[in-house]
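Under our numbering, the first residue of the sequence shown carries the number 995, and numbering increases by one thereafter. One structure is given below, encoded as structure tokens.
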Amino acid sequence: MKRILGFAIMLFAVAFSHVTLAQNAVSILDKAASVYRNAGGVKAQFMVSSEGNSSTGLIMLSGQKFFCNMGGGLMTWFDGKTMWSYVVSNEEVNVTTPTGAELSRINPYAFLSMYKKNYKASMGKSTGLYYEVVLNATDSGSSLRKVVIRISKSSYHPLYIKLVSRKVVNEITVTGYTDKQKYADSTFRFDSKKYPKAEVIDLR
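Here it is as structure tokens:
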């Protein structure tokens, strides 16, 4: 289920007009990132589609920290350094120190902190309701090759994220968004007392 989640934004620009579009794309992402940083805690509901399958999810975010629940089958906590991934069906918790690429496959909002590094941005097919920004990886070896993001023109909240990796395309549609939430730090850490049967596997 980890493969279900993931994302990235940016496309190469060569001519002067394309450079201007790239600058506009970055400014839109800058604005979206600023709105997110000033939103306090965020709670979002979303739907993920991948390879003909779909599922729903819930994510709670505060800065770089997050808790993500994928339909009750996979739960992930990240406290800014350590990540716990709990697969309910086999009652295993994997503990890791994730890379940026790994976080982007799990947290659909990771692009708000990654778009200025290793990706080039350009404008996609925007409409009256949203801006579409495309991020293309500058490293041909990157596992996350491209991200397409649609951002609301009125709120600057992400509406849709398409993550293109080497073998899988994941599409994430945000169905609900609430900001100004307050979360305790414990929200973003795995609590073994709540899952006493879970086997903890430390992979750090």
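C-beta: ideal position from N, C-alpha, C; glycine also.
How would you call residue i, buried or exposed, if buried means at least 16 neighbouring beta carbons within 10 angstroms?
i     : result
S1148 : exposed
A1038 : buried
R1160 : exposed
N1164 : buried
R1198 : exposed
K1059 : buried
S1116 : buried
G985  : Because the chain spans 995 through 1198 in this model, residue 985 falls outside it and cannot be assessed.
G1118 : buried
Restricting to Cα atoms, I'd like to know which of the options is closest to residue i.
i     : options                       : result
D1196 : E1086, S1180, L1157 and S1136 : E1086
A1104 : G1065, T1132, T1090 and I1166 : I1166
N1063 : T1169, I1155, K1176 and V1081 : V1081
S1272 : A1095, L1123 and F1182        : Examination of residue 1272 is not possible in this model, given that the chain is present from 995 through 1198 alone.
G1074 : E1193, V1194 and D1179        : D1179
L1097 : L1157, N1130 and M1117        : L1157
V1194 : T1121, N1084, K1025 and N1047 : N1084
L1052 : F1072, V1168 and T1093        : V1168
V1036 : N1088, S1048 and F1061        : F1061
V1046 : A1192, K1025, V1162 and N1032 : Reading off the sequence, residue 1046 comes out as Gly, not Val. Of A1192, K1025, V1162 and N1032, the residue nearest in Cα terms is V1162.
D1185 : V1089, K1025, S1048 and D1024 : V1089
D1024 : A1192, G1122 and Y1150        : Y1150
Would you mind giving the Cβ-Cβ distance between residue i and residue j, rounded to the nearest angstrom? I have them listed as a contact below 8 angstroms.
i     : j     : result
G1067 : T1050 : No, G1067 and T1050 are not in contact; Cβ-Cβ is about 11 angstroms, not under 8 angstroms.
G1034 : K1174 : 5 angstroms
Y1189 : L1106 : Incorrect: roughly 30 angstroms between the Cβ atoms, too far for contact.
K1114 : T1132 : 6 angstroms
A1019 : V1127 : 5 angstroms
I1145 : Y1124 : 6 angstroms
M1054 : Y1177 : 6 angstroms
T1070 : I1100 : 5 angstroms
S1136 : N1112 : 7 angstroms
Y1154 : L1129 : Wrong, their Cβ atoms sit about 14 angstroms apart, outside the cutoff.
Just checking: is the beta-carbon of residue i within a distance shorter than 8 angstroms of some beta-carbon in chain C?
i     : result
S1021 : Protein chain content of the structure displayed is limited to a single chain, and chain C is not contained in it.
- [ ] Taking only runs that begin and end inside the region 1103-1188, name each unbroken beta strand (DSSP E) of 3 or more residues, in chain order.
- [x] With a minimum length of 3 residues, the unbroken runs of beta strand (DSSP E) contained wholly in the region 1103-1188 fall at 1113-1117, 1124-1131, 1138-1146, 1152-1159 and 1163-1175.
Open item on the list: With three or more C-beta pairs closer than 8 angstroms as the rule, is the region 1125-1144 touching the region 1037-1048?
Closed with: Not touching, per the Cβ criterion.
TODO: Would you mind listing the beta strand (DSSP E) stretches within the region 1030-1101 that are 3+ residues and don't spill past its ends, in chain order?
DONE: Taken in chain order, the complete beta strand (DSSP E) segments of 3 or more residues contained in the region 1030-1101 are 1035-1044, 1047-1056, 1059-1064, 1068-1072, 1077-1081 and 1086-1090.
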